[in-house]
Amino acid sequence: MLTGPILFISLIFYTATVSQPLFYLIALGNASRNMRAPAYIEMRHRIDEQMRRNGAVVYYGTLFSTLLLVVVAFFEKNGMLPFAILAFAGLIADISFMKRGNIPINAIINTWTPEQYPVDWERQRDQWLKYFSYRQIALFTGFLSLLAGVVFPL
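As structure tokens, then:
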């Protein structure tokens, strides 16, 4: 009986979490590849600042609600369990790629200024985008799993 409301909350949080990677896929990824260093650095600084401030709430909400969905689906023995497990695994994979790749690169980029940056700054940008593409796959898989659980219940 609790699966429905918890699934609804999980979908809200997961939608917020997956929105940034979706926007990168649609527009910001290619736009950032075409920026000159000063514009890219300024953009990364502003995005990183906002994500550090607001991103944790969204991620913790997604993590908690999706884990709760796994637990409730397990105890209610309903067909949502495999979808919830896959969604949770996608989120864990995303966080792992973020911690191993994007966060350390953000720390490096945050030491740059629009006036002072390494000659090979594109290498760091490309590495950041590579890790982010792995995160996109993980998050999209998890999010689509939740949607599939709604549309195609077992």
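With our numbering applied, the sequence shown covers 1061 to 1214.
Just so it is clear, CB atoms sit at the ideal spot from N, CA and C, and this is done for glycine as well.
Item checked: PRO1065, DSSP secondary structure in three states -> What you label residue 1065 is simply residue 5 of the sequence shown in a count that begins at 1. The three-state secondary structure of PRO1065, taken from DSSP, is helix.
Next item on the list: With DSSP as the reference, label TRP1181 as helix, strand or coil.
Entry: Residue 1181 sits at position 121 when you count from the first residue of the sequence shown. Correct three-state label for TRP1181: helix.
Notebook entry, point to check: Buried or exposed: where does ALA1147 fall if 16 or more other Cβ atoms within 10 Å of its Cβ makes it buried?
Noted result: As a first step, residue 1147 is located in the sequence shown; it is residue number 87 there, counting from the start. ALA1147 is buried by the Cβ-count criterion.
Note to self: Under 8 Å: do the segment 1137 to 1145 and the segment 1197 to 1214 share three or more Cβ pairs, one atom per stretch?
What the structure shows: Yes: at least three Cβ pairs fall under 8 Å.
Check: Is the beta carbon of GLY1150 sitting closer than 8 Å to the one on LEU1071?
Finding: Stepping through the sequence shown from its first residue, residue 1150 is reached at position 90. Stepping through the sequence shown from its first residue, residue 1071 is reached at position 11. Here GLY1150 is not near LEU1071, since their CB atoms are 8 Å or more apart.
Next item on the list: On a CA-only basis, which of VAL1131, PHE1068, PHE1157 is nearest ILE1145? Give me that one, please.
Entry: As a working mapping, residue 1145 is identified with position 85 in the sequence shown. The shortest C-alpha separation from ILE1145 is found at VAL1131.
Margin query: My parser needs the alpha helix (DSSP H) runs of 4 or more residues fully inside the segment 1095 to 1144; what are they?
Written below: Taking only runs of at least 4 residues, the alpha helix (DSSP H) segments lying wholly in the segment 1095 to 1144 are 1097 to 1110, 1116 to 1136.
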